Structures are given as structure tokens and as C-alpha cells.
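Participant: Read in order, the letters of the sequence shown are residues -22 to -1, 1 to 777 in mature numbering (1 follows the signal peptide of the UniProt record, and there is no 0).
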Amino acid sequence: MRWFGLSAFAVCCCLVTRTAVGQELVSDESPNLAQSSMDDGAESEPDLLVEETTTPDPGPDPANPFKYYSEKQSKLIKAVSADVMEYIAPHFVRDIHELNITGDCTYGLLKFAFGLKKFRPWSIKMLDSWGKLPHGVLYGALSSLGNMAECKSVVAQEKKYNGKIDTFFTGKYCAINMRPHLYFPKPAKYDPRTYLKNYTDEIPILKNVLGPDMNLAYFYFAHFRIGACVPHTCTIDDMNTLVRQLASIAALEIDVQWCEDSASPPLTSTQMTVSAVLICLLALSAIGTALDVLPKLMRSARRSDGEKATFRQQNMVEQVAECFSVYSNMLKILNTETGPSTLRCVHGLRVITMAWIILGHTFFYKNFNLGSGFVEALALGKSVPFQMVFNVFPAVETFVTISGCVLTVNYLSRMEDRQGSFSYFRHIIRRWWRLTPAFVAVSFLMIILPLAGSGPLWKETLEPYANACQNSWWTNPLYIGAYVHRENMCLPHGWYLSSDFHYFLILPFIAYLLYKSAAVGLLILFGLATASVITIGALLYVNELTPIPLFIDMDPDHFNEYMNIIGYKPYTHLAPFCVGVALGYILYKEKRRRIHKALRVPIWMLVWAVQLAMVFGVRNWNAYEAPSVEVGVAYGALFRLVWSLCIAWTVYACATGNGGLINRILSFNAWIPLSRLTYLVYLVHPLIILGHTAYLREPFYITIPFTGYLYLGHLFSAYVAAFFLSATLESPFLALDRMVTKAYQDRFDPLGHHPSTKRKPPIESKRNSVFLETGIASFNSTPKHINGKINMAFDNAKL
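Structure representation (C-alpha cells):
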């Protein structure tokens, strides 16, 4: 067949309008209808078909050969287009009228088809923006996105006989998902590598070409994605009607996921409110920076002119302005000064753990339906280095352990200073005030993030998260997201903050028991940790879950089931928190104890061996086969506890002088500013990853180097974004908290007694401790030694 490639593509474009029985030739009236539709309202022009002529070809003009060849190519392409449309038009016109779609859509599709016959530039542009058959389909290329920007720029118009321009429609981009019809409903539990394998082996192309690893069951969660450009007059219902006709012919499951034209979507009331709040905060930061910096510049200029410096106390306006000053807040973030006895190893642990979490989320937040090389990617489970990516689940237990440790030391130090008393509600309120504004601000950023751009992946990547935050953002300041709207959480990674806040609510009572009776307190910690381990094991067994989400089972429904039952719940992370609390009690009570090198080195080796085994020991599960029920339940129930014990040893050894080189590495000054940003990095890094995924214009190839390159970019971008967000949206509230606390303290006399009640103040001025250290939210710390005991007294400066 002549011009088979172009003809086949044109036929494929028109197949969406065919019915299952519409293959016979049309009657003589159909060409007349087609011809009348083509000529309606359009200016006449010469026939585009190449006609026989006896005039000899003059050949190219030596002065301008380009013109000759370009005209010759143009005539040939127009002839091909006209020839193809002459054959397709009768079938197209008849079938389009038989479909139950709106008249506006029918008119637009007819104009598109006849624009192709006449080789209108806008119609060629529209056709060019479609996704084509991608290279490497048999190797797992699952998407051909087309060109959304080109499609949305299409304006279908023609000049009338009277010279006026008649506009018919503009382009609308639609995302079409396709997958084989599997005929069997998706089971609740299945292995995508083996389920439907017998049916897969009966398909030669899957068995012989793609190899033994390919299976039809992967299409329960994977699909092919094609970008299509249609007239904006076609609704999404019209498009689904069209593709259903194709699905009935091709035995495929096809649906149109969404469509978008050049019109900007209207802002919701929530988005407008959120935008106004964020703009006001940024305006306050700008005003505060100006009020803080300008007087300093003026004083500096006067001193340079020889005037003597005069010092005066800041008034209330200047203090509030400094709270919102981006300049002052940045200086606080970058400051590396701490006391000589600070538990500095915690800073290094935070940064390294945060980097590991971003590495894992770089993989888990990607939409692999939009990747290439899916068949090759199935082998990544066998890669030893990639186990660091798949098995990132122990990382968060480091934060939980650190949080329990530092909070416990703070509470015990406070109760020692105040003879066992403490103000429970005041510390709860202060902790809520210092952690919640940043949490809510990032939730608001997620709501307006879809307004920042567009693209073939923009809507489907960001809108689910943005809609979830619009509907349930209020659960974040209440820290109940793991229980309310858990299937539609705003910022799913916020589960950790909810869990940490719940731990903070119960910690004062445990710390009080430890202060009054260490045996009772430690017994309760042991009971809580044991109950947590047993609960995890029971949930894994009853729900038939794998110990962790495994690479061999990439179904998102199975991953979400695991996270909703195990991952997001506070009680499943209670054992590491109890280990941290016990560690905090030990650090509070013990003097610096040097452990002999003969014992210290084997302990370090054992700890590292256990940690490496927990991370890389799951390779066979990710590569070949899930563990047995007994082994899976044991690992899933115990790995959090065991990992936290390893972290507890690391902190204990560094705090008591047994860390050696490890302590020097983890206590390096460069970690301190990065550690101060850990809270914001944790909050904002998923937005960075999702934004990158949404902005993609072409499929990505799933390889280790590509993932590593993405990871480094996400890591750097997350810290840059966190630096500016901390200075503008988080630090002002922390500074306000310090200002109010100081004003409250000034009401007491220098001896610490209230002038009227003669009571000890609830917040002791000599230490200025605030009990707000967490696993990821770091605050300036200056531990002091009282009677040889390590006392972590944290001042009010935000880290």
C-alpha cells in the first residue's frame, strides 16, 4: 500500500468514531455529505490531488533550488492527505452521526477531519500534538504524552468569502488510558508475577518477545497513556463515548481520565482564602525585614561618620518586626554556635536520616505508569544498592527514637529543678504553637500548587493531593490525620507529626513515673513496647500483609493498605519511642562512662551488622519471593524495635564519650544549620518531588543513574526551599513564642518568685528550657552538667 505509515496513522485517529459493525461501504449520499461539509463556509481553492500533466518538469531554479523542492514536497504531502481523507471521509461522516455525542462536538470533529483534507495548518498542528506509538513499547514504554502546549495553542479558523475570520474551536488536550481487557476482576490479594500467568503464556508476544517476567496481571495497576488533541467543544463525556466504540472493537479497556483546554480553571474559595493568608504572611515578612534592617543600616552609617554608638532597649514594634525579619531569621538558621557539651551527634543523625527518607520518596512518589523500560525496571529488585531505596522504612524510626530521648531528658531536668512539678497544658500549647504554623503553611502550599503551572501530567499528579488538602487540611492542626480522612489525607507524610504529637501528650506522665520510681516507669515502657510489637505482628498476620511493602508487589492498592493499617498508626511506632524514652532516662541519670575498647568495638560492629542486615537482608524478598508467614511477621513486628536499639546505642556512645570517630563525624559543625532545617525539609520535600513529576513533558527511563540524579536534585531543592520557608513562614512564629515567653518571665523577680504569690515561675529563667526538641524539629541546645549528669536544657532559639 502506498503511503502506508501516514494512512495508518490517519485511520487510527478516525477509529475512535467507528462502531463495531460500521465497516461496510457507505451509500452514494455519504460522499456528497462529506463534500458539502468540507466546502461549507470555506473559501475555494485548487484541488489538492496531483493530476497528470503533459507539461514537462522545468526542474529547480539554480538561483533558488530550495523553493522548487519545498513546493514539490508540499504538493506531495497535500496529495497524500487528500488521498487518505478521500477514502476515510465517507466512513467518518457516517459513523460520527451515528454516535450519541453533542452536536458541537460532532461539528468540531468534522471540521478537524476536513481541515486535514485541505491541509489546514491548524489541523496539522492539532494532529501533530497527538501522542504517537512510542518506541520500545515491547520493552515497557507505557506512555506517549503528545504535546499539550501545542494542542492548547490550536485555533481552528478560516477566512470567509467576505474576508471575515470564522473561528470554529480551539484545541483541548485529553489523557486517554488504555489497558488489555483482563476479563477477571482484580482480587484483593494476588502476586502480579504469577497471577494470570497461564493466560499470559498463551500470548506469543508476551511469552516469546517480552520474556518470562512479563505478566498480564501487571495491567491491574499499570496502563498505557496516550495524549489526544480534540476540539474544545467536545466534553469528557463525548470523548468517553468515542473511546468506548474503539474499546468494543479492540477488546481494550479505554477511558478518558481528564481533558483541559486553554481556559484557566477558576479558583476555588479555599484557594483564594489560602492565597490571601500566604500573601499576608509574606507581606509581614517584607515589612518586618525592612523595619529590622533599615534602622541597623542607619545606625551603621552614623557610626561610620564618627558618632558614638548608643544602645537602647527595643520597643514592642521593633521586637515584632524582628520576629518577621527574614534577615534576622536567616542569621539564626546559619549560626553554628552551640555549647561545648551539646549532644551534637543528634544533628548529624537528623540530616543523614532526612537524606535517606528523600531517597526513598524519590522512588515512591513517582508515577511509573509514565516511565519507559518497565520490563527492565522489573529487575531493579535484584540490585543490592537499590535496597536503600526500597527499604527506607527503618529511617523514620530514627526520628522517633531521638524525639523520645531528648524530650525525656528535658522533662526530667525540669522536674528536678521544680521538685517534680510541671505545667502540662502550657507546654502542650507552646509545642502546638511552634510546630503547627509550618505544618499548616505547607498544607496551604499544597492547595495552591496546582495553580503554579500545567502540563500533561500536572493535573493527575497534583490535583489528588490538592483536593485532599482542600477537604481535610483542618485535620493537620488537630493532628488527627491518621484517623480522620485517612484514605484521603492532606500531606500523607504528616502522619509522623501526628504520631509525634500524640507521644508528646503521654510523655509527661511517663517522665513523672520515671522521676518518682524508675522501676515502675521502665516497666511501663517495656509493657508499651511489647504491646506495640505484638500488635504489629497480629495486624500483619490477620491482614495477610508482607513485612514491608515489597518491590515484587508494586500494586499501589497493596502499598496503601499496608500504610493505612501499619505505617500511619502511632501505636505501631510506639516501641522505638519507648526505647528513646529509656535512653533519655539513662543519659539523664548516668555520668560519663567510658567503655573499654575491647567491648566497645564489638558492640559497634554488631550494631552495624544488624543495621546492614535489616536494610539489605530483604533483597531476596524484593527480587524473588516474599518470605514465609512466620518470617514475615517476625521481621515486620521487630525491625522497628531493633533499629531503634541500634540508634540508641549510637546516641549513647556519642553522648558518653564512646563514639570516637563516629561522634566526630556526626558532630561536625556543618550539620547544625542543615539540622535546623530538617522539620521544613521533611514537610516540603514531597511537594518538590511531586512538582517535578507533574512538570515532566516526556516519559522517563527507570534506571539507577537516573533515579540517583533525580535524588540529588530533589535533595538540594528541598533544602533551598526549606531555608526560605523557614525564614518566612516558620521562624516568625518561633520568635513570637520566645518574645511572649520572655515577657512572661519578666513578671518574676530575679530569685524566680512571683511578686504577689511568691511561687516559683512555671518557666525557669536561669535555664529557659522549653521542652520542644523532637526527632525532626530541632532547637538550640546547651546541655549543662549538674552533679555529673547530662542535662539537655534547650533555649528558645529555633534550630
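Note that CB positions come from ideal geometry on N, CA and C, so glycine has one too. Remember, it's a predicted structure, so these values are computed and weren't measured experimentally.
Run through DSSP, which three-state label would MET276 get?
Facilitator: helix
Participant: Give the straight-line distance between the Cα atoms of VAL(-7) and LEU690, rounded to the nearest whole angstrom.
Facilitator: Annotation note: pLDDT 34 at VAL(-7) (below 50); position unreliable, no value reported.
Participant: Distance check for GLN235 and residue 780, CA to CA, integer angstroms please.
Facilitator: Nothing can be reported for residue 780, as the shown portion of the chain is limited to -22 through 777.
Participant: So ARG578 is in the beta strand (DSSP E); what residue range does that whole segment cover?
Facilitator: First-last for ARG578: 575 to 594, but that is the alpha helix (DSSP H), not the beta strand (DSSP E).
Participant: Once the 5 residues before and after SER734 are set aside, which same chain residues still bring their CB inside 7 angstroms of it?
Facilitator: Its pLDDT being 42, under 50, SER734 is placed unreliably in this model, and the coordinates cannot settle the point.
Participant: Would you grab the beta carbon distance between residue 778 and GLY359 for me? Rounded to a whole angstrom, and I think it's under 8 angstroms.
Facilitator: Not covered by the structure: residue 778. The range shown for the chain is -22 to 777.
Participant: Give a single yes or no on whether ASP233 has its beta carbon closer than 6 angstroms to a heavy atom of the ligand ATP.
Facilitator: Of ligands this structure carries none, so the ligand ATP is not represented either.
Participant: What residues match up with PHE678 in a beta bridge as DSSP calls it?
Facilitator: GLY349
Participant: Using DSSP with H/G/I as helix, E/B as strand and the rest coil, what is PRO209?
Facilitator: strand
Participant: Between PHE368, ASP239, GLN223, which lies nearest to ASP233 when the distance is taken from Cα to Cα?
Facilitator: For the residues PHE368, ASP239, GLN223, the minimum Cα distance to ASP233 belongs to GLN223.
Participant: Given that a residue counts as buried once 16 or more other Cβ atoms are within 10 Å of its Cβ, and exposed if not, what is MET126?
Facilitator: buried
Participant: For a test of the three-state rule: what should DSSP assign to MET156, helix, strand or coil?
Facilitator: strand
Participant: Just checking, does the stretch 325 to 337 make contact with the stretch 553 to 570 on the three C-beta pairs under 8 angstroms criterion?
Facilitator: no
Participant: Can you tell me the Cα-Cα spacing of GLY93 and ALA153, whole angstroms?
Facilitator: 23 angstroms
Participant: Judging by CA-CA distance, which residue of GLY499, GLY149, ALA57 is the nearest neighbour of LEU390?
Facilitator: GLY499
Participant: Should residue 793 go down as buried or exposed, given a rule of 16 or more other Cβ atoms within 10 Å for buried?
Facilitator: Residue 793 is absent from the structure shown; the chain starts at -22 and stops at 777.
Participant: What is the DSSP secondary structure of ASP144, counted as helix, strand or coil?
Facilitator: strand
Participant: Are the CB atoms of THR267 and GLY86 within a distance shorter than 7 angstroms?
Facilitator: no
Participant: On the DSSP bridge assignment, give the partners of GLN135 in chain order.
Facilitator: THR145
Participant: Give a yes or no on whether the C-beta atoms belonging to ILE680 and GLY349 are separated by under 7 angstroms.
Facilitator: Contact flag set, yes.
Participant: Apart from the five residues just before and just after SER306, which ones in its own chain have a Cβ nearer than 7 angstroms to its Cβ?
Facilitator: Around SER306: ASP270, GLU300.
Participant: Nearest by alpha-carbon distance to ASN636: which of ARG572, ASN218, THR219 is it?
Facilitator: ARG572
Participant: In angstroms with no decimal places, state the Cα-to-Cα distance between ARG338 and TYR474.
Facilitator: At residue 338 the sequence reads Gly, which differs from the Arg that was named. Each residue's alpha carbon lies about 16 angstroms from the other.
Participant: At the level of alpha carbons, what is the spacing between ILE204 and LEU256?
Facilitator: 37 angstroms
Participant: Whose CA, out of PHE479, VAL418, GLY515, lies closest to the CA of SER450?
Facilitator: VAL418
Participant: Using the rule of at least 16 other Cβ atoms within 10 Å of the residue's Cβ for burial, across every protein chain shown, is MET63 buried or exposed?
Facilitator: buried
Participant: For PRO363 and VAL370, what's the separation of their Cα atoms in angstroms?
Facilitator: 12 angstroms
Participant: In whole angstroms, what is the alpha-carbon distance linking THR145 and GLU136?
Facilitator: 7 angstroms
Participant: Where do the ends of the alpha helix (DSSP H) carrying ILE484 lie?
Facilitator: 473 to 494
Participant: State yes or no: is the C-beta of VAL304 within less than 7 angstroms of the C-beta of THR719?
Facilitator: no
Participant: Pull up the distance between the alpha-carbon of GLY562 and that of TYR613, whole angstroms please.
Facilitator: 26 angstroms
Participant: Under a three-way DSSP split, which group does ASP61 fall into?
Facilitator: helix
Participant: How big is the Cα-Cα spacing for residue 803 and TRP334?
Facilitator: What the structure shows of the chain is the stretch from -22 to 777, and residue 803 is not part of that stretch, so it cannot be assessed.
Participant: Identify whether ILE232 lies in helix, strand or coil by the three-state DSSP scheme.
Facilitator: strand
Participant: Can you round the beta-carbon distance between ALA416 and GLU708 to whole angstroms, since I take them to be within the 8 angstroms contact cut?
Facilitator: 4 angstroms
Participant: Could you give the first and the last residue of the continuous alpha helix (DSSP H) run that contains LYS130?
Facilitator: 126 to 130
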